Amino acid sequence: VCDKTIAAIRQISPHTQIEVLTPDFWGGLGRENAQRDRVETIARTAPACYNHNVETIRRLQAPVRRGAKYDRSLQVLQFVKDCDSTIPTKSGLMLGHGETEAEVIEALGDLRKVGCDRLTLGQYMRPSLEHLPVQKYWTPEEFDRLGAIAQEMGFAHVRSGPLVRSSYHAGEAEGSDQRGE
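In structure tokens form, the structure reads like this:
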């Protein structure tokens, strides 16, 4: 359905830049092959950016993302690069679940290892009492430091701040590391 939606948008508005934000596509029989096929179906549409968020560091995946797996999320981003290495990939983390700066930096390294080009770092805000409580409010200075570290690690486009979300100013990234289209 997503690939058909992208095709329909391009037919109506061929110059529209489309950034996709996908789940990990895990489910059904032959899960890994199905995941690869689903990711490749979207990647073949040549989006301006393929976004899949890891959301948090490896240690906190189970309590923060029930049913999701850290390595499975990294695999999504790797599958995109395997399909078409020119598609910019993006991921994001929400900080405040109890992670350390060292764990965040380790996660950034994991993202770079699978060729992730763009990064968002934002503050987790508890949406309701049924959700996990905030363990730490990161300061703007801490976000600035992590953003600078991410840029030094080679991310082409970084947004890091308490109010940053995965699509925060997404259009600004287009042109900063375009694929020459």
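Following the working numbering, the numbering of the sequence shown begins with -10 at its first residue and continues without gaps.
We put the beta carbon where it would ideally sit given N, CA and C, even for glycine.
Note that the structure is a prediction, hence the values are computed from the model and not measured.
- Beta-carbon to beta-carbon, L108 and F132 are separated by about 12 Å, too far to satisfy the 8 Å threshold.
- Three or more Cβ pairs drawn from the segment 24 to 38 and the segment -4 to 12 lie within less than 8 Å of each other, which places the two stretches in contact.
- When DSSP assignments are scanned along the segment -2 to 56, the uninterrupted stretches of beta strand (DSSP E) that are 3 or more residues long and fall wholly within it turn out to be 8 to 10, 38 to 40.
- Going by DSSP, R115 is part of no alpha helix (DSSP H) at all; its letter is neither H nor E.
- Non-local C-beta neighbours of A(-4) in its own chain, meaning closer than 8 Å and more than five positions away in sequence, comprise T34, ordered along the chain.
- Inclusion of A32 and I(-2) in the CB contact set at 8 Å is not warranted, their separation being larger than that value.
- Fewer than three pairs of CB atoms, one per stretch, sit closer than 8 Å, so the segment 118 to 133 makes no contact with the segment 95 to 102.
- Its Cα nearest to that of T78, the residue V69 stands out among H86, L84, V69, G85.
- Collapsing the DSSP output to three states places K79 in a strand.
- Nearest in C-alpha terms to C105, of all of P12, H41, E29, is H41.
- Counted as a single uninterrupted DSSP element, the stretch harbouring R154 is not any beta strand (DSSP E), since DSSP gives it neither H nor E.
- DSSP, reduced to helix, strand and coil, places G85 outside both helices and strands of the structure shown, so it counts as coil.
- Per DSSP, reduced to three states, the secondary structure at G136 is helical.
- Between S74 and L100, the CB-CB gap reaches or exceeds 8 Å.
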